[in-house]
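J.:
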Amino acid sequence: MRRRGLLATSAALATFPRPAGAGCPEPRGTGDLLVVVERARGSVLVAESTRRTILGRIEGLGDLSHASMVFSRDARYAFVFGRDGGLSKVDLVERRLRARIVQAGNAIGGAIGRDGRIVAVANYEPGGVRLFDAESLDPLLEIPAIGADGRRSKVVGLVDTADGGFAFALFDAGEIWLLDVTDLAEPRITRFAGVGSLPYDGNVTADGRFYLAGLFGEDGVVLVDLWHPEAGARRILDGYGRGEAPLPVYKMPHLEGWGTAGEHLFLPAVGRHEVLAVDRRSWREAARIPVLGQPVFVVVRPDGREAWVSFAHPDNGKIQILDLERFAVAATLSPGRAILHLEFTPRGDQVWLSARDDDRVIVMDPRRREVLAHLPAEKPSGIFSTARAHRIGS
Amino acid sequence: MRERAAVAFALLLAALGRAQAESAPAALAPARAAELVHLLRHDCGSCHGLFLKGGLGPPLSPSALAGKDPQALVLTVLEGRAGTPMPPWKGLLDEAEARFLVDLLLAGRVP
Chain R
6 MRRRGLLATS AALATFPRPA GAGCPEPRGT GDLLVVVERA RGSVLVAEST
56 RRTILGRIEG LGDLSHASMV FSRDARYAFV FGRDGGLSKV DLVERRLRAR
106 IVQAGNAIGG AIGRDGRIVA VANYEPGGVR LFDAESLDPL LEIPAIGADG
156 RRSKVVGLVD TADGGFAFAL FDAGEIWLLD VTDLAEPRIT RFAGVGSLPY
206 DGNVTADGRF YLAGLFGEDG VVLVDLWHPE AGARRILDGY GRGEAPLPVY
256 KMPHLEGWGT AGEHLFLPAV GRHEVLAVDR RSWREAARIP VLGQPVFVVV
306 RPDGREAWVS FAHPDNGKIQ ILDLERFAVA ATLSPGRAIL HLEFTPRGDQ
356 VWLSARDDDR VIVMDPRRRE VLAHLPAEKP SGIFSTARAH RIGS
Chain S
143 MRERAAVAFA LLLAALGRAQ AESAPAALAP ARAAELVHLL RHDCGSCHGL
193 FLKGGLGPPL SPSALAGKDP QALVLTVLEG RAGTPMPPWK GLLDEAEARF
243 LVDLLLAGRV P
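Protein sequences appear in the order of chains R and S.
Here the numbering used here is used: position 230 in the first sequence is 235, and no number is missing along the way.
Here the numbering used here is used: position 78 in the second sequence is 220, and no number is missing along the way.
1. As a quick exercise: from R/Gly118, R/Ala190, R/Asp154 and R/Arg157, pick the residue whose alpha carbon is nearest that of R/Leu163.
2. Excluding the five sequence neighbours on either side, which residues of its own chain have a C-beta within less than 7 Å of the C-beta of R/Trp232, listed in chain order?
3. Across the segment 194-202 of chain R and the segment 252-272 of chain R, are there enough close Cβ pairs to call them in contact, namely three or more that are closer than 8 Å?
4. Find the nearest neighbour of R/Gly276 within the set R/Tyr129, R/Arg62, R/Glu223 and R/Arg372, judged by alpha-carbon distance.
5. Using the Cα positions of R/Thr166 and S/Ala171, report the straight-line distance between them to the nearest angstrom.
6. Does any residue of chain R have a CB that is nearer than 8 Å to the CB of S/Phe242?
7. When the Cα atoms are used, what is the spatial distance from R/Gly237 to R/Leu272?
8. Using beta carbons (cut-off 8 Å, strictly below), is R/Gly26 in contact with chain S?
9. Identify the residues that DSSP records as bridge partners of R/Tyr129: which are they?
10. To the nearest angstrom, how far is it from the Cα of S/Phe205 to the Cα of R/Ala112?
11. How should R/Arg135 be labelled, buried or exposed, when 16 other C-beta atoms within 10 angstroms of its C-beta is the threshold for buried?
12. When you compare each of R/Asp354, R/Pro253 and R/Leu329 to R/Met369 by their alpha carbons, which one comes out closest?
13. Using 8 Å as the limit for Cβ to Cβ distance, is S/Val252 near chain R?
14. Rounded to whole angstroms, what's the CA-CA distance from R/Gly179 to R/Arg373? Just pull it up for me.
15. 8 Å is my cut-off, CB to CB: does R/Arg393 come that close to chain S?
16. Taking the CB atoms as reference points, tell me whether R/Ile391 and R/Thr35 lie closer together than 8 Å.
17. Could you give the distance in angstroms between the alpha-carbon of R/Gly398 and the alpha-carbon of S/Ala224?
18. Taking only the alpha-carbon atoms, compute the straight-line gap between S/Pro253 and S/Leu182 and give it to the nearest angstrom.
19. Sort R/Val85, R/Val254, R/Val227 and R/Pro234 by Cα distance to R/Gly244 and report the nearest one.
20. Spell out whether any CB of chain R is found under 8 Å from the CB atom of S/Ser188.
21. Using the three-state DSSP reduction, which class does S/Ser188 fall into: helix, strand or coil?
22. Counting Cβ pairs closer than 8 Å, one from the segment 237-248 of chain S and one from the segment 209-220 of chain S, do we hit at least three?
23. Look at R/Gly65 and R/Gly90 and say whether their C-beta atoms are less than 8 Å apart.
24. Once DSSP output is grouped into helix, strand and coil, what is the label at R/Pro351?
25. For R/Ile151, write down the residues that DSSP places opposite it in a beta bridge.
26. Strictly under 8 Å for the Cβ-Cβ distance: is R/Ala19 near chain S by that measure?
27. Below 8 Å on the Cβ atoms is my guess for R/Val95 versus R/Phe389; work out the distance and round it to an integer in Å.
28. Report the three-state DSSP secondary structure of R/Lys256 (helix, strand or coil).
29. Give the range of the beta strand (DSSP E) segment to which R/Leu327 is assigned.
30. Let me see if you follow: with CB-CB separation under 8 Å, is R/Glu261 close to chain S or not?
31. Any chance you could list the beta strand (DSSP E) runs of at least 3 consecutive residues sitting entirely within the segment 22-72 of chain R, in chain order?
32. Return yes when the Cβ of R/Asp364 is within less than 8 Å of the Cβ of R/Glu405, no when it is not.
33. Closer than 8 Å, Cβ to any Cβ of chain S: which residues of the segment 239-268 of chain R, in chain order?
34. CA-CA distance, R/Asp320 and R/Ala190?
35. Using a threshold of 8 Å, state whether the C-beta atoms of R/Ala153 and R/Ala83 are closer than that.
36. Smallest Cα separation from R/Leu338: which of R/Ala312, R/Leu50 and R/Ser48?
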């Protein structure tokens, strides 16, 4: 029934006559699109932020619990990474599935290289990274993640880097690897072993210079300066837990969507109900902001003045807005039930929140903190703006 | 630092043993049971996968759990596993509720 509603919407948008047999929607640009994952249904919704409507739904993408996506450099295609190892190429213009492969048993996410030719997927099972041709999804390369301990490790925190390569972390082995694919026939890997216990996610700064991996097994973050990999991996924020027993973490935090504002980078603490502000020059802790639960996403508003923070179960119905000038909580909102993700539009006029247990996406005005629209979505999780097509990292 | 007190573990084990010996696990109210199934799929699922086929945490399918002591699994749910991301759920779930989840998992009957 919901499906019929969607079809009706797109039919209503088609004001001009079309060539016979054209089931395809009216062409439009993709610059204002957001793609919403419907985790239980295995579909994505293509929505636009100019009039805040849903343009269509694309089905048949497999198990999308914990799904994420990246975009082709022309923002026409989304590459969707499913939990079940599925890699789907979705055409956002024609709004249909263009290609789909199942490339592993269990995957966590992926990245697209700078030139747009290579899509890389991070796999849990079998642990490693696989590269695919972005055009055809044909396999190009497989990198088994075998750590110094000789065992195969789950891969997390896979991102593209400014030099056209990729960086990722080995969860079980506690390593960070840099992958240089300048010559696909001779890929080069730089390994940093023994960087710390259980890196759970990683990301690169917006300028592509620093790769950071958060640790779950100890209090600290690992930093690699990609301008100077020869300097090795460095530990920062060591012992930020101050030796106190960690609080239970009911959902792993993410480093995706983090941001810098002025001189600072904002990260979720693990096992502590705090957001950490790190000085980007000294890499020392600048402040810690107490929040109401285990932060999952700390997403900086594009103008850098505020950050919106989502939380792990059982606090996932709340959002806190941080004032990044004062390092303090400015507001606490209860926008819906089970807020799994949030995404700003590129210039920060809107923030989209997925409320899984309300089966809808909530669109808000971030400054006035008012609801602009509710969009129906079935168990929505990740929301991805096509503006990501033009960003390094995730 | 993330180790949990072995003593507490032993005490809990004893308590659970006693509880089981004295009374069968109480049936849960249907509304609570539905909440727990939702929790299992979506919140346990954030690490174990929506279909419990594994993710950061191992698969929780009947074949993956075959041969494991149900009591020990209940304890894992309540106490978590130190040094791994498996968190202790005892603040949010009581023993009967943890047992209910483990029974569903072992029987492969997650609705």
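We put the CB at the ideal spot given by N, CA and C, even for glycine.
T.: The short version:
1. R/Gly118
2. Arg214
3. no
4. R/Glu223
5. 52 Å
6. no
7. 22 Å
8. Residue placement at R/Gly26 is flagged as unreliable, the pLDDT there being 47, under the threshold of 50; the coordinate-derived value follows with that caveat. Cβ-Cβ to chain S under 8 Å: no for R/Gly26.
9. R/Gly132
10. With the sequence shown as reference, residue 205 of chain S is identified as Ser, and Phe is not the correct amino acid for it. Rounded to whole angstroms, S/Ser205 to R/Ala112 spans 21 Å at the Cα level.
11. buried
12. R/Asp354
13. no
14. 43 Å
15. no
16. Here residue 391 of chain R turns out to be Thr, not Ile, going by the sequence shown. Cβ atoms of R/Thr391 and R/Thr35: closer than 8 Å.
17. 32 Å
18. 10 Å
19. R/Val227
20. yes
21. helix
22. yes
23. no
24. coil
25. R/Arg157
26. The predicted model places R/Ala19 with a pLDDT of 43, which falls under 50 and marks its position as unreliable, so this point remains unresolved.
27. Contact doesn't hold; Cβ gap of about 11 Å is too wide.
28. coil
29. Ile324 to Asp328
30. no
31. 38-43, 48-53 and 58-63
32. Residue 405 of chain R is absent from the model: chain R starts at 6 and stops at 399.
33. Gly246, Gly248, Ala250, Pro251, Pro253, Val254, Tyr255, Lys256 and Met257
34. 48 Å
35. no
36. R/Ala312
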